[in-house]
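Q: My questions all concern the structure below.
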Amino acid sequence: MAGVACVEQILKRNPEFDITIFGDETHVNYNRIMLSLVLAGEKSADEIVLNDADWYRSNKIRARLGVKIAGIDRHARIVTDEQGESTPYDRLILATGSKAFIPPIPGVDKDNVHVFRTLDDTHALMAKARKGLKTVVIGGGLLGLEAARGLQVRGCDVTVIHLADSLMERQLDATGGDYLRRRIEGLGIRVMLPRQTAAIMGNGHVDGLRFATGEELKADLVVIAAGIKPNADLGRIAGIEVNRGIVVNDFMETSDPQIFAVGECTEHRGQTFGLVAPLFDQARVLAATITDNRGPVFSAAAPATRLKIMGIDIFSAGATDDKAEGVETVRYEDPALGAYKKLLIKDNRLIGMILVGDVEDEQTYLDWMRSGTDLAPLRRQLLFPPAASDQGLEVADMPDSETICGCNGVRKGDIIHSIHAHGITTMAELKEKTRASTSCGTCAGLCQKLLRAVAPDFQEETKTSLCACVPFSYERLREIVKGQKLKSVEEVLAIYGNRKGCEVCKPALSYMLDMLWCGDHDEDRSARFINDRVHANIQKDGTFSVVPRMRGGVTSPDELRRIADVADKYQIPMVKVTGSQRLDLLGVKKADLPAVWRDLGMPSGQAYAKGVRMVKTCVGTEFCRFGVQDSTNTGIELEARLENLFTPHKFKMGVVGCPRNCAEATVKDLGLIGQDGSWQIVVGGAAGKSVRKADLLVTVETRQEAIEASELFFQYYRENGNYLERSYDFVERLGIEKIRKDTVYAPDEEKRKLLERLHRSKALSHDAWLEGDRPVNPTQFVPIEAIEKAREPQLV
Amino acid sequence: MITQRNWTKITRTENIPPREGRSVKVGSLEIAVFNINGRFLTIENACPHKGGPLCDGMVTGTAVVCPLHGRHFDLETGIPVRASEPSCLAVFPTCVEDGVILVDLDAGHRAFESDAA
Chain W
10 MAGVACVEQI
20 LKRNPEFDIT
30 IFGDETHVNY
40 NRIMLSLVLA
50 GEKSADEIVL
60 NDADWYRSNK
70 IRARLGVKIA
80 GIDRHARIVT
90 DEQGESTPYD
100 RLILATGSKA
110 FIPPIPGVDK
120 DNVHVFRTLD
130 DTHALMAKAR
140 KGLKTVVIGG
150 GLLGLEAARG
160 LQVRGCDVTV
170 IHLADSLMER
180 QLDATGGDYL
190 RRRIEGLGIR
200 VMLPRQTAAI
210 MGNGHVDGLR
220 FATGEELKAD
230 LVVIAAGIKP
240 NADLGRIAGI
250 EVNRGIVVND
260 FMETSDPQIF
270 AVGECTEHRG
280 QTFGLVAPLF
290 DQARVLAATI
300 TDNRGPVFSA
310 AAPATRLKIM
320 GIDIFSAGAT
330 DDKAEGVETV
340 RYEDPALGAY
350 KKLLIKDNRL
360 IGMILVGDVE
370 DEQTYLDWMR
380 SGTDLAPLRR
390 QLLFPPAASD
400 QGLEVADMPD
410 SETICGCNGV
420 RKGDIIHSIH
430 AHGITTMAEL
440 KEKTRASTSC
450 GTCAGLCQKL
460 LRAVAPDFQE
470 ETKTSLCACV
480 PFSYERLREI
490 VKGQKLKSVE
500 EVLAIYGNRK
510 GCEVCKPALS
520 YMLDMLWCGD
530 HDEDRSARFI
540 NDRVHANIQK
550 DGTFSVVPRM
560 RGGVTSPDEL
570 RRIADVADKY
580 QIPMVKVTGS
590 QRLDLLGVKK
600 ADLPAVWRDL
610 GMPSGQAYAK
620 GVRMVKTCVG
630 TEFCRFGVQD
640 STNTGIELEA
650 RLENLFTPHK
660 FKMGVVGCPR
670 NCAEATVKDL
680 GLIGQDGSWQ
690 IVVGGAAGKS
700 VRKADLLVTV
710 ETRQEAIEAS
720 ELFFQYYREN
730 GNYLERSYDF
740 VERLGIEKIR
750 KDTVYAPDEE
760 KRKLLERLHR
770 SKALSHDAWL
780 EGDRPVNPTQ
790 FVPIEAIEKA
800 REPQLV
Chain L
31 MITQRNWTKI
41 TRTENIPPRE
51 GRSVKVGSLE
61 IAVFNINGRF
71 LTIENACPHK
81 GGPLCDGMVT
91 GTAVVCPLHG
101 RHFDLETGIP
111 VRASEPSCLA
121 VFPTCVEDGV
131 ILVDLDAGHR
141 AFESDAA
């Protein structure tokens with residue numbers, strides 16, 4: 010990473026270099042700090058690629074992947090690879106990184122003992138991980154904990170053992186480590202502290218560990234995450250100065266003037282490096298040195314650390330030693346909330362912080378620390394700092410050359426340039442175009458402020474979290490469910506929630522699973538409201554209402570006769586014409602539902618569901634003397650194409666045959682308005698709790714195009730709407746311009762994919778009332794009779 | 031003190047799916063039996079608020095949410111989860127023997143009587 014980051018910087022300064030990159034991994038370079046997210050299934054290997062093959066091609070860089078360098082002749086300035094091929098150089102950069110440190114424990118060479126350092130290691134672990142596999146992670150630092158969570162999410166039964174008395178002891182103090190331990194245990198990962206592993210046991214394959222105390226622990230898989238050490242071998246081969254790492258000076262020069270080193274393989278003023286931010290600083294310094302702009306110097310600042318485990322917020326930055334001369338500490342803890350904050354202050358300046366469970370103010374603290382803010386006037390508010398009233402001011406004060414994203418080396422000036430050049434308005438776009446804030450995420454707050462200050466059309470990202478049971482935003486949850494291939498509500502709640510769920514999140518998750526897997530998921534009826542378990546709408550007395558589907562509001566004498574007969578036979582107390590051009594039979598007993606449906610011989614109208622309700626139509630060209638389009642048959646076709654599908658909230662449609670709009674299409678979630686020779690498709694209308702005139706999505710010529718545009722919007726709303734968000738809120742939240750761009754004006758490929766997903770869901774959907782004859786469980790509709798005749802119950 | 035239980039056989043466990051409830055009529059009262067992932071709990075079926083059928087409510091942990099107006103009750107104690115609801119439900123001792131759910135209908139118990147009652 011550091012090596013290629015340096016090459017990127019070199020190209021910015023001087024694109025004339027003729028560059029060859031050797032790497033012994035066969036992959037193009039990827040973001041190593043994201044490996045834990047690949048292991049946890051939150052990202053794919055492709056998503057963490059930093060520079061793809063195209064980048065190498067377009068920058069005319071020769072990439073020699075999977076090639077190991079065997080020799081360096083620094084007098085002849087030639088490197089020789091393992092095949093014996095020689096490549097001459099003018100300047101040589103060593104960016105060989107680091108390797109996993111494997112402690113000298115007997116048995117580390119057994120099968121199923123792994124390290125977690127590269128993409129190949131990650132793939133190997135993913136191949137081994139399975140449900141119930143007894144897994145031990147040796148090492149309770151950042152990487153060990155992330156590995157543990159990744160494996161646990163894949164079903165492994167994980168124990169973390171750690172040499173020290175508390176977890177992440179290099180970044181946290183003992184109390185912080187204890188809060189972290191409780192959080193980790195709360196996720197279902199066992200933690201054993203302090204434990205020194207004396208041996209890894211097993212005959213060929215690992216089958217357990219023995220600790221120094223003699224205690225033993227069973228294990229089928231062992232992952233060693235006990236730290237890293239610099240890969241300095243090439244430095245030794247070249248004969249340049251090497252201690253623990255390849256020794257570099259402040260300009261990243263080694264003891265040979267034509268050889269430079271960067272990244273985790275280096276040793277600078279006696280220090281080696283494992284976290285990403287200083288490495289990018291090194292890359293920038295080296296790029297200056299090597300392009301004859303020698304001047305910038307590298308100085309290792311105290312790095313910030315963030316644990317990348319969803320649901321656990323850990324942030325630490327700056328100094329951690331509170332015993333040092335003149336250091337004061339300010340602390341806050343709340344065991345019930347699992348929150349712990351500690352600030353280290355010296356001379357009224359913030360010099361370090363530990364935040365566990367509550368990282369909301371990390372940006373403010375970082376700003377204080379970086380700018381050396383005098384805290385004397387803020388002493389009463391240190392633990393709960395006031396929201397900055399001058400949002401963006403400190404960003405405005407920063408020089409353009411100042412680095413915003415330490416990980417990816419993005420400066421303030423770069424971001425401002427990109428915002429203007431690409432018309433960036435959201436954080437997502439900013440990340441995509443500049444890579445700022447895509448690694449550790451520490452600078453997200455600063456980027457946000459910069460966007461707010463610079464982008465004229467800045468859009469605040471709405472992050473409504475679903476509920477306290479699963480504290481993630483809808484967007485995040487959709488990513489999680491998709492990425493981790495979660496297929497049941499119970500699974501989501503067990504891994505990412507409080508294992509209980511509530512009446513808010515369970516139906517929302519049910520919907521999300523159905524939508525994302527296009528109906529191919531493990532449906533859990535217990536996670537759905539009673540209406541969706543018995544496919545009827547519960548009434549105030551516990552009876553149900555039954556609304557059969559009557560497509561386009563068109564019925565027949567035969568259907569009406571059956572409805573009348575059913576009403577008589579089951580003594581249905583009320584038959585009512587609904588506002589949706591349908592008939593409602595009210596007051597049906599749950600036990601009668603299957604028979605009522607059978608006798609009706611009509612499909613469910615889904616009048617109880619967060620799903621497709623109806624298409625209301627006018628009589629159009631068939632009878633109306635003003636009609637200019639066949640609204641009735643278009644409405645019937647539209648209803649048949651979308652019925653039985655679920656949506657974030659109820660979804661009502663209308664189709665009218667002329668602009669007189671008799672079926673009120675402009676106040677429906679989706680409306681088709683027939684005009685002479687064209688159709689208008691309008692979306693986001695409402696005439697219920699809110700009244701809103703629908704926005705025009707597009708005008709098209711043919712009925713077929715009108716239906717396609719409807720389907721595009723429908724599926725787009727299904728995929729991007731938050732649960733219980735009506736289309737009129739959805740359209741207002743996203744804006745009709747964005748919706749147009751993502752649906753009717755999207756590239757053909759995108760449109761095709763949207764429709765494909767819709768049609769896949771549709772193919773797996775079915776008329777819910779078929780369950781009348783094939784119930785999902787024996788007592789879905791049938792009341793239970795006590796086996797033994799029961800006497801009158803008594804209260805005591 | 032040993033409590034003498036007077037068990038009545040209600041139904042086989044498989045008739046109540048996990049995390050769902052079912053009503054059973056016993057005498058003049060309806061009870062609702064819930065399957066909390068293999069543990070069975072019994073309460074009176076009618077919500078004290080407006081008589082909603084609690085057997086049709088969604089289960090969250092060991093509580094049930096009335097399908098009509100969202101009142102929450104703890105199934106183990108019958109106590110309303112939010113203080114705004116003044117009444118509690120009767121709970122009945124329940125156990126399972128040979129795959130059959132047994133309820134002691136003589137030992138229904140309310141944690142407290144509401145002021146209104």
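First to last, the protein sequences are chains W and L.
Here our numbering runs 9 ahead of the position in the first sequence, where the first position is 1.
Here our numbering runs 30 ahead of the position in the second sequence, where the first position is 1.
For each residue, glycine too, the CB sits at the ideal point set by N, CA and C.
Please read these numbers as outputs of a predicted model, since none were measured by experiment.
Mind listing the chain C neighbours of L/Arg140? Cutoff is C-beta to C-beta under 8 Å, in chain order.
A: Of the protein chains in this structure, namely W and L, none is chain C.
Q: Jot down the residue ranges of each uninterrupted alpha helix (DSSP H) in the stretch 162 to 208 of chain W, minimum 4 residues, whole runs only, in chain order.
A: Counting whole runs of 4 or more residues, the stretch 162 to 208 of chain W contains the alpha helix (DSSP H) stretches 183 to 195.
Q: Indicate whether at least one CB of chain L lies closer than 8 Å to the CB of W/Glu500.
A: No, its Cβ sits nowhere closer than 8 Å to a Cβ of chain L.
Q: What are the residues that DSSP puts in a beta bridge with W/Thr144?
A: Note: W/Thr144 sits in a beta bridge opposite W/Val167 and W/Leu230.
Q: I'd like to know if W/Asn786 contacts chain L, where contact means its C-beta is closer than 8 Å to some C-beta of that chain.
A: Closer than 8 Å: yes.
Q: Kindly identify the DSSP beta-bridge partner or partners of W/Thr96.
A: Note: W/Thr96 sits in a beta bridge opposite W/Val88.
Q: Determine which residues of the stretch 520 to 547 of chain W have a Cβ less than 9 Å from any Cβ of chain L, and write them out in chain order.
A: Against chain L - using a Cβ distance shorter than 9 Å - the residues of the stretch 520 to 547 of chain W are Asp533, Arg534, Ser535, Ala536, Arg537, Phe538, Ile539, Asn540, Arg542, Val543 and Ile547.
Q: Please list the partners that W/Arg800 has in chain L, where partner means a Cβ-to-Cβ separation under 7 Å.
A: Neighbours of W/Arg800 on chain L, chain order: Gly57 and Leu135.
Q: Using only CA atoms, which one of W/His171, W/Pro603 and W/Trp377 lies nearest to W/Pro787?
A: That would be W/Pro603, whose Cα lies nearest to the Cα of W/Pro787.
Q: For W/Leu6, which residues from the same chain have a beta carbon less than 7 Å from its beta carbon, with the 5 sequence-adjacent residues on both sides left out?
A: Since the displayed chain W opens at 10 and closes at 805, residue 6 of chain W lies outside it and no answer follows.
Q: Considering only C-alpha positions, which residue in the set W/Lys549, W/Gln724 and W/Thr447 is nearest to W/Met521?
A: Comparing Cα-Cα distances from W/Met521 to each of W/Lys549, W/Gln724 and W/Thr447, the minimum goes to W/Gln724.
Q: Since W/Pro287 is in the alpha helix (DSSP H), which residue starts that stretch and which ends it?
A: It spans Val285 to Ile299 - the alpha helix (DSSP H) in which W/Pro287 sits, taken as one unbroken run.
Q: With respect to the beta strand (DSSP E) encompassing L/Leu132, which residues constitute its N-terminal and C-terminal limits?
A: Unbroken beta strand (DSSP E) run through L/Leu132: Val130 to Asp134.
Q: So the beta strand (DSSP E) W/Val122 belongs to, where does it begin and stop?
A: W/Val122 -> beta strand (DSSP E) spans Val122 to Val124.
Q: Helix, strand or coil: how does DSSP classify W/Gly730 here?
A: Coil.
Q: Residues of chain W with CB under 7 Å from L/Pro83, in chain order?
A: Neighbours of L/Pro83 on chain W, chain order: Gly551.
Q: I need the DSSP call for W/Gln400, collapsed to helix, strand or coil.
A: Its pLDDT being 47, under 50, W/Gln400 is placed unreliably by the model, and nothing is read from it.
Q: Quick check on W/Ile793 - is its C-beta less than 8 Å from some C-beta in chain L?
A: Closer than 8 Å: yes.
Q: Taking DSSP as the reference, what is the three-state secondary structure of W/Leu74?
A: Three-state result, W/Leu74: strand.
Q: In angstroms, rounded to a whole number, what distance separates the CA positions of W/Met559 and W/Gly614?
A: Going from the Cα of W/Met559 to the Cα of W/Gly614 covers about 7 Å.
Q: By the 7 Å beta-carbon criterion, what residues does the stretch 162 to 193 of chain W contribute toward chain L?
A: Result list empty, no residue passes.
Q: Within 8 Å of any Cβ in chain W, is that where the Cβ of L/Arg49 sits?
A: Yes, because at least one Cβ of chain W sits closer than 8 Å to the Cβ of L/Arg49.
Q: May I ask you to verify whether the stretch 56 to 73 of chain L touches the stretch 88 to 108 of chain L, counting CB pairs closer than 8 Å and requiring at least 3?
A: Touching, yes.
Q: Straight-line CA distance for W/Ile233 to W/Arg379?
A: Those two C-alpha atoms are separated by around 35 Å.
Q: So, helix, strand or coil for W/Met362, using DSSP?
A: Residue state, collapsed to three classes: strand.
Q: For W/Glu178, I'd like the list of residues in its chain whose CB is within less than 7 Å of its CB, leaving aside the five on either flank, ordered along the chain.
A: So the list reads Gly186, once near-sequence residues are dropped.
Q: Could you name the residues that DSSP lists as bridge partners for W/Ile682?
A: Answer is W/Val665 and W/Gln689.
Q: When DSSP labels each residue in this structure, what does W/His775 get in the three-state scheme?
A: Residue state, collapsed to three classes: coil.
Q: Quick one: which residues of the stretch 105 to 136 of chain L get their C-beta closer than 8 Å to a C-beta of chain W? List them in chain order.
A: Flagged, chain order: Ala120, Phe122, Val130, Leu135 and Asp136.
Q: Would you kindly work out how many angstroms separate the C-alpha atoms of W/Tyr617 and W/Leu142, rounded to a whole number?
A: Distance between the alpha carbons of W/Tyr617 and W/Leu142: 44 Å.
Q: What is the DSSP secondary structure of W/Phe553, reduced to helix, strand or coil?
A: The answer is strand: DSSP assigns W/Phe553 an E or B state.
Q: Here's the rule I'm using: 16 or more other beta-carbon atoms within 10 Å means buried, otherwise exposed. How should W/Ala477 be labelled?
A: When all chains shown are included, W/Ala477 counts as exposed.
Q: According to DSSP, L/Arg42 sits in a beta bridge with which residue or residues?
A: Beta-bridge pairing links L/Arg42 to L/Val130.
Q: Where W/Met436 and W/Cys456 are concerned, what is the direct C-alpha to C-alpha distance, given to the nearest angstrom?
A: Distance between the alpha carbons of W/Met436 and W/Cys456: 8 Å.
Q: Mind pulling the chain L residues with CB within less than 7 Å of W/Cys476?
A: Here the premise fails: no neighbours, minimum Cβ distance about 11 Å.
Q: Show which residues of chain L have a CB atom less than 7 Å away from the CB atom of W/Gly510.
A: Simply Thr90.
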